[in-house]
Amino acid sequence: MSTFKEIYNYREMLKSNVKKDIRGKYKGSVLGILWSFLNPLLQVIVYWIIFPYLFRGATIPNYLCYLVTGIIPWNFFTNVVNLGTISIKSNAGIIKKVYFPREVLLISQVLSGLVNFFISCVIIVLFCIGTGAGVSVHILWLPLIALIQAAFSFGIILFLSAFEVYVQDVEYIVSFILNMAFYGTPILYSLELFKSAGTLYRLVSLNPLTKIINAYRDIFLYHVTPDLHSLLIVAILALILILIGYRVFKKLEKGFAEVL
Amino acid sequence: MNPQNAIEVRNMSKQFKIEYDRGNTLKEKLIRRRNKTEYHQVLKNINLDIKKGETVALIGTNGSGKSTLLKLMTKIIFPNEGTIETDGKLTSLLELGAGFHPDFTGRENIYFNASIFGLSRKEIEKRLPDIIAFAELGEFIDNPVRTYSSGMYMRLAFSVAINVDADILLIDEILAVGDQHFQEKCYSKLRQLRDSGKTIVIVTHSLDVVKDMCHRAIWIYKGQVQLDGDPAYVIDEYLKQIAKDNKEEIKKAIESGEQQKQGVVFIDVPKDYMEFYPEDREVECQGWGIANVDDATLHFYVDDEEIHPEVTHRERKDVYEVYFEQYSGFLDVDQLGWRISIPMRSLSKGNHTLRVENHEPDGSVLGEKDVVFIVR
Chain A
1 MSTFKEIYNY REMLKSNVKK DIRGKYKGSV LGILWSFLNP LLQVIVYWII
51 FPYLFRGATI PNYLCYLVTG IIPWNFFTNV VNLGTISIKS NAGIIKKVYF
101 PREVLLISQV LSGLVNFFIS CVIIVLFCIG TGAGVSVHIL WLPLIALIQA
151 AFSFGIILFL SAFEVYVQDV EYIVSFILNM AFYGTPILYS LELFKSAGTL
201 YRLVSLNPLT KIINAYRDIF LYHVTPDLHS LLIVAILALI LILIGYRVFK
251 KLEKGFAEVL
Chain B
1001 MNPQNAIEVR NMSKQFKIEY DRGNTLKEKL IRRRNKTEYH QVLKNINLDI
1051 KKGETVALIG TNGSGKSTLL KLMTKIIFPN EGTIETDGKL TSLLELGAGF
1101 HPDFTGRENI YFNASIFGLS RKEIEKRLPD IIAFAELGEF IDNPVRTYSS
1151 GMYMRLAFSV AINVDADILL IDEILAVGDQ HFQEKCYSKL RQLRDSGKTI
1201 VIVTHSLDVV KDMCHRAIWI YKGQVQLDGD PAYVIDEYLK QIAKDNKEEI
1251 KKAIESGEQQ KQGVVFIDVP KDYMEFYPED REVECQGWGI ANVDDATLHF
1301 YVDDEEIHPE VTHRERKDVY EVYFEQYSGF LDVDQLGWRI SIPMRSLSKG
1351 NHTLRVENHE PDGSVLGEKD VVFIVR
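Going down the list, the protein sequences come from chains A and B. Everything in the first sequence is counted per the numbering used here, starting at 1 for the first residue and increasing by one. Everything in the second sequence is counted per the numbering used here, starting at 1001 for the first residue and increasing by one.
Have a look at this one:
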């Protein structure tokens, strides 16, 4: 309880960190915040052009929209995990000098990811309309799914950011695993393709990100209620990660100022 | 915790791990499993109560552990043994400008910086006029911080920190900010905070500030509380200890050959080519001499012939202050000056040379000085 109160006391720090992240990131660049739209957009276009040639199975209806609804949530996830992992290390300056609840740094990383994602959802909607998929009331599920994803990412970076302070290989291992996971999640392809490959199919479908991205596609592309059962599993997983991760983080946090 | 105390330290010890070439990568961690780990005991069994409303200075030489103690109070680092408890909102001014972002304006950075201290938007807005006025930045407040001079940057940072309005303020040697005018302003602000009943803990080397501002001084010596009480007395004892330590250090350095034995001799009177007349009866001479050995003696020569006049010693505060750092431990302020008189009848007409030398017992010369005077 006191933890919540303390974090609440530092809410202005959360806000200003998010503001700094979002506005500070693109200061000095001509297009500014447009880059957070442009980047995923260009990525999508590259995949959209290349993959139909590589994939026999890229016969997914409305492949363009299928890509957009996969890549933008995926970017949200990788950004939070990559930046979250190094967020303690890269704030060594203030960690060594000022007291504040250290988890504020992680929470603000998740929040700025979340804000960025919501802005990017405009692109998803534009694509849905542009490609004829349309928009339906199912979009109201969006905040819930995004929240579960945010909680899941938060749980992960609680561990990773604390380990990173002590062993700096973590960030490289993380970026490698994220690269692998990109292909272990049905972003470019459809899970149906793996139906025949027993173990691989099961692994990919167990991936929590698969469930999350499926949910996004359900609400944006297919206009159905997402699979609440799967979402609940991910939510519980996220909760467990946060509970254990928080303990680990609190334990390791005492050494931050000395090790950094 | 006693409700009258703002900070309570109990049986607290802190040691730092010293790892030579600490490995930060997995490979290094796996291969070289704790081969050379030493522990450096920074603080040993500290017990302290700091009462609410007290202004306390932590003094001590570099490396004595006073800054570490302050960091422990801030809860940036944690003790290995014992406890530290604090009561009340605590702000540390260990680092100025933490969280400043160069691309944002001064005004925006006030928000960022103050938010790190745990202030809410409302609280910041309430203090904003004070902060801006105190920083004396004028219209620059709306320019990006990267365009600031370092002085402006520090002024802004200090204004934010000092206006945070905590119950307990921890300050680490940061008052050397800006020009004379701004420093004085900072001190008067601190005095104002002190008088308004805040608890303030300062780490500083400027002992005048301690005497002037603090109710109490705590002297940390080699990781332990050596003395705790009225600033004037604690500072005096502290200076004595510094003198003693310095003396031992110099002795060691001399033994190991790192430092030369040396001394300085000075003759104030007579000045070069000063004239005396037979009716003066005596030639009054005075000056001072110092050396970094214990048993140096002064020897006087007139025209290369040693004389043995009666020497009276006098107090020389001016000399003491100048050489305190370099020779501390070897100086007795009451014995620095010397005065002799040479009877006129022993001097013939013409030019004479007075030479004063500082000798070691074995006769080697540490310092010398001569003047020429004329008897008409």
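All C-beta atoms in this analysis are idealised placements derived from N, C-alpha and C, irrespective of residue type, glycine included.
| query | result |
| --- | --- |
| Taking 6 angstroms as the limit between beta carbons, can you name the residues of its chain near Ser36/A, skipping five residues before and five after? | Asn116 |
| Which residues in chain A have a C-beta closer than 7 angstroms to the C-beta of Leu1128/B? List them in chain order. | Correct list: empty, because the minimum Cβ distance to chain A is about 13 angstroms. |
| On the premise that Val98/A lies in contact with Tyr10/A, defined as a C-beta separation below 8 angstroms, what is that separation, rounded to the nearest angstrom? | In fact, because the Cβ distance is near 11 angstroms, the residues do not count as touching under 8 angstroms. |
| Looking at the C-beta of Glu1121/B, does it have a partner C-beta in chain A at a distance below 7 angstroms? | It is Arg, not Glu, that sits at residue 1121/B in the sequence shown. Arg1121/B counts as touching chain A. |
| Use the C-beta contact count for Leu31/A: other C-beta atoms within 10 angstroms, 16 or more gives buried, fewer gives exposed. | exposed |
| With DSSP as the reference, label Phe1345/B as helix, strand or coil. | Correcting the residue type first, residue 1345/B is Arg in the shown sequence and not Phe. Helix at Arg1345/B. |
| Which residues in the same chain have their Cβ closer than 7 angstroms to the Cβ of His229/A, if we skip the five residues on either side of it in sequence? | none |
| Along the chain, which unbroken stretches of the beta strand (DSSP E) at least 3 residues long are found entirely within the stretch 1247 to 1275 of chain B? | 1263 to 1269 |
| Report the residues of the stretch 1222 to 1236 of chain B with a CB closer than 7 angstroms to any CB of chain A, ordered along the chain. | none |
| May I ask you to list the residues that DSSP assigns as paired with Leu104/A? | According to the sequence as given, residue 104/A is Val; it is not Leu. DSSP output for Val104/A lists no bridge partner at all. |
| At a Cβ threshold of 7 angstroms, is Ser1115/B touching chain A? | yes |
| Tell me where the alpha helix (DSSP H) around Leu1366/B begins and ends. | Not the alpha helix (DSSP H): Leu1366/B falls in the beta strand (DSSP E), residues Val1365 to Val1375. |
| Give me the subset of the stretch 1152 to 1164 of chain B whose CB atoms are less than 8 angstroms from a CB atom of chain A, sorted by chain position. | none |
| Can the beta-carbon of Glu1085/B be found closer than 7 angstroms to that of Glu1008/B? | yes |
| Around the C-beta of Ala1133/B, are 16 or more other C-beta atoms found within 10 angstroms, so that it is buried, or is it exposed? | exposed |
| In chain order, what are the residue ranges of uninterrupted beta strand (DSSP E) at least 3 long that sit wholly in the stretch 1174 to 1229 of chain B? | 1199 to 1203, 1216 to 1221 and 1224 to 1229 |
| Between the C-alpha atoms of Gly155/A and Ser2/A, what's the straight-line distance to the nearest angstrom? | 19 angstroms |
| Taking just the CA atoms, how far does Val1201/B sit from Lys1051/B? | 11 angstroms |
| Report the partner residues of Met1154/B according to the DSSP bridge assignment. | Note: Met1154/B sits in no beta bridge, so no partner. |
| Ignore the nearest five residues each way along the sequence and tell me which others in Tyr1273/B's own chain have a CB closer than 8 angstroms to its CB. | Val1372, Phe1373 and Ile1374 |
| Helix, strand or coil, according to DSSP, for Met1001/B in the structure here? | coil |
| Applying a beta-carbon distance threshold of less than 7 angstroms, which residues of chain B neighbour Ser16/A? | Tyr1111, Phe1112 and Ser1115 |
| Helix, strand or coil: how does DSSP classify Glu171/A here? | helix |
| Put Lys1017/B into one of helix, strand or coil per three-state DSSP. | strand |
| According to DSSP, is His138/A part of a helix, a strand, or is it coil? | helix |
| From the DSSP output, in three-state form, read off Val87/A for me. | In the sequence as displayed, the identity of residue 87/A is Ser instead of Val. In this structure, Ser87/A counts as helix in the three-state DSSP scheme. |
| Is the Cβ of Thr1074/B closer than 7 angstroms to any Cβ of chain A? | yes |
| Are the C-beta of Asn179/A and some C-beta of chain B separated by less than 7 angstroms? | no |
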